[in-house]
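The structure under discussion appears below in the form of structure tokens.
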Amino acid sequence: NNAPVNSLSQALVNSFKQEFPKLVSDPKVKAIVVTGANGFFCGGAEISEFALMTAAGPDAFKESSPVAQLSEMMDMIDASPKTVVAAINGQALGGGLEVALA
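Numbering (the working numbering), first residue to last: 1 to 102.
Right under this line is the structure:
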């Protein structure tokens, strides 16, 4: 939950990347549900962080960049041995739609 529209901030992506493997490795967890709050599934990228990517220039696509981190997050969902369900409970825009489709 990253109010008001559950945007994909670096903090949210980093938190997801830390917590998701714990769910995957927990034998008590049979499936993983990804959802949003406040009437939004996900509003896409955190626009206020675009300046960081712009400042990075061509480096924005290297391994530690926000783009690469988001891609890694979606790869984790796609490669999960457990069923991952996107409970789309509102708008899914931009990168949020990509996460839902992963």
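C-beta atoms are modelled at their ideal positions from N, C-alpha and C, and glycine is treated no differently.
Note: A86 is bridge-paired with V34 in the DSSP secondary-structure output. If you draw a straight line from the Cα of S48 to the Cα of P58, it comes to about 19 Å. If you look at D78, you'll find it in the alpha helix (DSSP H) that goes P66 to A79. The alpha-carbon of G39 is positioned some 26 Å away from that of K30.
For G90, the CB contacts under 7 Å within the same chain, skipping 5 residues up- and downstream, are G36, G39, F40 and F41 in chain order. In the DSSP annotation of this structure, the continuous segment of the alpha helix (DSSP H) that includes P21 starts and ends at Q10 to S25. Beta-bridge analysis with DSSP links A45 to L8. Buried is the label assigned to L70, since at least 16 other Cβ atoms lie within 10 Å of its Cβ. Burial check for V99: the Cβ neighbour count within 10 Å reaches 16 or more, so the residue is buried.
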